[in-house]
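So the protein sequences, as listed, match chains A and B. Residue numbering for the first sequence follows our numbering, beginning at 1 and increasing consecutively. Residue numbering for the second sequence follows our numbering, beginning at 1001 and increasing consecutively. The C-beta atom is built at its ideal place from N, Cα and C for all residues, glycine as well. Inspection log for the structure reproduced underneath, given as structure tokens.
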Amino acid sequence: MTKSTQKHTTGWLMAFPALMFVAVFSLYPAMDSFLLSLYSDFPGPERSFAGFGHYAELLQDPVAHQAFIVTLGFVLLSTTLELLLGTGIALVVHERFRGLGWVRAAVLIPWAIPTVVAAQMWRFLLNDQYGAVNAILFGDRVEAYVPWLADPWMAFGAIVLADVWKTSSFAGLLVLAGLQLIPEETHDAARVDGATAWQRFRHITLPMLKPALLTALLFRTIDAFRVFDLVFVMTQGGPGDATQVIQFYGYKTLFTEGRVGYGTTISVTVFVAMAILSLFYVRTVGSKLLQREPA
Amino acid sequence: MKGLHAAGSIATPSPLPRDSPLAAGVFAAALLFNVPFAHCGDLEAEPPGASPVTLHFVTWKADHPRAWDEAIQRFEQVHPHIRIQREIAPHSSTAYHDLLTQKLRNRDVSLDLFFMDVIWPAEFAAAGWALPLDDYFSGDERKKFLPATIASGIYRQRIYGVPSRIDSGMLYYRKDLLEQYGFSPPSTWNELARQAQTILKAERTVPIPLRGYSGQFKQYEGLVCDMLEFVVSHNGSFLTDDGRRSNLTATESLQAVRFVREQIIQRLATPAALTYQESESLAVFLQGNAVFHRNWPYAWGLANDPRHSKVAGKVGVTTLPRFSEGRSTAALGGWLYGISAYSRHPDEAWAFIEFMASPETQKHFAIHASLAPSRLALYADPDVLHANPQYKDLLPVFQTARPRPRTPVYPVVSHILQRYFSRVLAFPETDIREEAQEADRRINRVLALLRDS
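Here it is as structure tokens:
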């Protein structure tokens, strides 16, 4: 046995546990879901092979289309707001001031709270009778209290708001990491050249922050696409399916209706969409990140 | 208790599960002591030192937990070799269903007993999850229950559930307000609307506005019940009489939905009703902020308990109104005891069900938890009537309570109905007929798939 093949074998051996882990806990469930999605749901418990029938059904399902549009709207709105707010947060906590440690910790609290708990909290805050939001906005004028979650558009806005409140700081954390990579000397040089604060931000900070922003965007889009718990707790998809996101529709189909085939079809479709999106991001963002590496 | 206990099993001896050493042992002992086999679940027939059995019972967090603790303790005293291990699942019917069906789909042998909402037996039977109880639950015994509750446990001529109680929609109202304005409880929906409007105009509107009607209009299972009551009391229906097609586009069905949108949601209820399940809508009524309230029987106890209610003693309850051309309709609800088809201890599980559904235990629940009994005879019981004087008038409601569609694909049908109703109520600009057509199409497709089998 030559030295290089020996090295090769050792490499495989050492990677083996990790590979097994991925195979058992990621690859197998994904493949099994795919297989399940090829079987019919009716009649009864015996399943028959249905090929890609469920996928054809999904293409023509108006409820799924609506859920997909709601999800897209949620992803666009929440990630945009989170990146904007996150950048703001990062710029603030990047400065040195008294009590910085406290501010940084406080900013991360929403992110550290489990989503289900945060969602329940928002449901209470937005309650039409005893919610804090109404109390703050209208005080004793109980007759003016707004049932936020009863209006389709406001309910959708509430889900976005809860997500932005909860995860902006996470986006901020990623942006902050990017900010700290920007050498102080660049800013000093610009100051010497007489650049204003805005010019420094626009022409130095922002361009050098791009990789961090793109990373944050990648994480947030993928996460936002999988939104489920906020909807489950706050609205159950209502009113009138206005907040029914694709994952919640998949959940209802799979767990409540017991339609394993169609439910997994929805999951697999979301999975594939995510995979494509991730690949796209890794291609564009990843290559930029790698280019930066040597510097 | 003992008499009932034997009666249930004499008619048809319980089948012996081959894999249960305990049951076999008890059987042998029964022969040895020449005790009639029917008594094999009884205390006296047990050989000393019978190995204990633990039954796993998936239940929900009850509104009156103490009443349940007491009933189960009493069962364990009567059957010292059986322990009941409770697993508390969510109280929401849908969340409970999701958890339970997942266990059943996995053929979980550690699950023996469960509740079935009245809409599930068809699904559970078709999937083979619920044990048929025909051998345990004799025809004579069934006759002692309210017929609607028994019917809800039957699928294709076999019975899968024993009714723990009956639930049906009813109209709670503010006795004091109605008297003050010289009204008697409304018999039609239009009368209800008129009375409510009159009272609202004259009563205070600040700080908390008084509402005419408080019901359950969130997008969830309860919405189906509330809407059923409007639609059927207008001679409409969800499915055609043969149960093969959706009937939402029938004029009667459409008009009832329009009434709910224009009269109830847009005029009498708070817009927040679109987020209300039972507890939120009840809270409005208990705070004295609604004239009329639709709920199940359990609300009676809470509404008259001064610790929970500002309107204790000022509450009346009656049958739900109807439309002038229709009949008053109450949605049938309630929970049935069922045994898992994968249980290793069906005989012991049956002993538990028999105890819990017995007249004594149901009486206990009627008095201490305002659960309306499923046994007819209890409606003549002085103690039950003393605690729940309203039962006397409501018995006819219970006897005519209307089931939701019975089909193994009920969860699918329900989701389509929930979407339809919630959309037309939450989006006032939607065309009700178009939405109904879409729901009809989707329901018909699902029902057709089932027929092909």
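Could you tell me if residue i is buried or exposed, where buried requires 16 or more neighbouring beta carbons within 10 angstroms of its beta carbon?
i, result
"Asn-1388 of chain B", "buried"
"Phe-225 of chain A", "buried"
"Tyr-1172 of chain B", "buried"
"Leu-206 of chain A", "exposed"
"Ser-1051 of chain B", "exposed"
"Lys-1201 of chain B", "exposed"
"Glu-1221 of chain B", "buried"
"Glu-1113 of chain B", "In the sequence as presented, Glu is not what sits at residue 1113 of chain B; that position holds Leu. With 16 or more other Cβ atoms within 10 Å, it is buried."
"His-65 of chain A", "exposed"
"Leu-13 of chain A", "exposed"
"Gly-194 of chain A", "exposed"
"Ala-15 of chain A", "exposed"
"Pro-1015 of chain B", "Unreliable positioning characterises Pro-1015 of chain B in this predicted model, as indicated by a pLDDT of 38, which lies under 50. The coordinate reading is nonetheless provided below. Burial call: exposed."
"Met-20 of chain A", "exposed"
"Ser-1253 of chain B", "buried"
"Phe-248 of chain A", "buried"
"Val-1446 of chain B", "buried"
Give me, in chain order, the residues of the same chain whose beta-carbon lies closer than 8 Å to that of residue i; leave out the 5 immediate sequence neighbours on both sides.
i, result
"Met-1170 of chain B", "Arg-1294, Asn-1295, Trp-1296, Pro-1297, Val-1317, Thr-1318, Thr-1319, Leu-1320, Ala-1330, Leu-1394, Val-1397"
"Ala-1312 of chain B", "Ala-1303, Asn-1304, Asp-1305, Pro-1306"
"Thr-305 of chain A", "The question about residue 305 of chain A has no answer, for chain A in this structure spans 1 to 295."
Which same chain residues end up closer than 7 Å to residue i when comparing Cβ atoms and leaving out the 5 residues on each side of it in sequence?
i, result
"Val-175 of chain A", "Gly-86, Thr-87, Ala-90, Leu-209, Ala-212, Leu-213, Ala-216"
"Gln-1263 of chain B", "Ala-1193"
"Ser-1414 of chain B", "Glu-1221, Val-1224"
"Arg-1442 of chain B", "Ile-1416"
"Phe-138 of chain A", "Ala-144, Tyr-145"
Per DSSP, what are the beta-bridge partners of residue i in this structure?
i, result
"Asp-1167 of chain B", "B:Gly-1333"
"Tyr-1173 of chain B", "B:Phe-1292, B:Gly-1316"
"Gly-1338 of chain B", "B:Phe-1114"
"Leu-1055 of chain B", "B:Ile-1084"
"Arg-1158 of chain B", "B:Tyr-1155"
"Trp-1060 of chain B", "B:Ala-1089"
"Arg-1322 of chain B", "B:Thr-1188"
"Tyr-39 of chain A", "A:Phe-49"
"Arg-1375 of chain B", "B:Phe-1145"
"Ala-1130 of chain B", "B:Ser-1340"
"Leu-1228 of chain B", "BP columns for Leu-1228 of chain B are empty, so no partner."
"Leu-1239 of chain B", "B:Ser-1246"
"Arg-1402 of chain B", "B:Ala-1331"
What is the residue span of the alpha helix (DSSP H) that residue i lies within?
i, result
"Gly-1182 of chain B", "Gly-1182 of chain B -> no alpha helix (DSSP H), and no H or E assigned at all."
"Trp-1300 of chain B", "1299-1303"
"Phe-1365 of chain B", "1359-1369"
"His-65 of chain A", "62-94"
"Ala-1283 of chain B", "1278-1286"
"Lys-1310 of chain B", "No alpha helix (DSSP H) contains Lys-1310 of chain B, which DSSP labels as neither H nor E."
"Arg-123 of chain A", "115-125"
"Arg-220 of chain A", "206-225"
"Asn-134 of chain A", "132-138"
Does the distance from the CB of residue i to the CB of residue j come in under 8 Å?
i, j, result
"Gln-1216 of chain B", "Gln-1277 of chain B", "yes"
"Gly-1161 of chain B", "Tyr-1337 of chain B", "yes"
"Thr-1364 of chain B", "Ala-1062 of chain B", "The sequence given here places His at residue 1364 of chain B; Thr does not occur at that position. Not closer than 8 Å, so no."
"Phe-1427 of chain B", "Gly-240 of chain A", "yes"
"Val-245 of chain A", "Ala-67 of chain A", "yes"
"Ile-1082 of chain B", "Val-1058 of chain B", "no"
"Lys-166 of chain A", "Trp-111 of chain A", "yes"
"Pro-1207 of chain B", "Glu-82 of chain A", "no"
"Phe-1075 of chain B", "Phe-1323 of chain B", "no"
"Ser-1214 of chain B", "Ser-1328 of chain B", "no"
"Gln-236 of chain A", "Gln-1219 of chain B", "yes"
"Ile-159 of chain A", "Phe-74 of chain A", "yes"
"Gly-1182 of chain B", "Ala-1341 of chain B", "no"
"Gln-1085 of chain B", "His-1064 of chain B", "no"
"Val-260 of chain A", "Asp-32 of chain A", "no"
"Asp-1454 of chain B", "Ser-1246 of chain B", "With chain B covering only 1001 through 1453, there is no way to say anything about residue 1454 of chain B."
"Asn-1190 of chain B", "Glu-1325 of chain B", "no"
"Ile-1432 of chain B", "Arg-1258 of chain B", "yes"
"Glu-57 of chain A", "Tyr-251 of chain A", "no"
"Ile-1159 of chain B", "Pro-1132 of chain B", "yes"
For residue i, which residues of its own chain have a beta-carbon under 6 Å away from its beta-carbon, when the five flanking residues on both sides are left out?
i, result
"Ser-1374 of chain B", "Phe-1145, Leu-1146, Thr-1149, Pro-1163, Arg-1165, Ile-1166"
"Ala-1273 of chain B", "Phe-1217"
"Thr-115 of chain A", "Asp-229"
Please list the terminal residues of the continuous beta strand (DSSP E) segment that includes residue i.
i, result
"Arg-1211 of chain B", "1211-1214"
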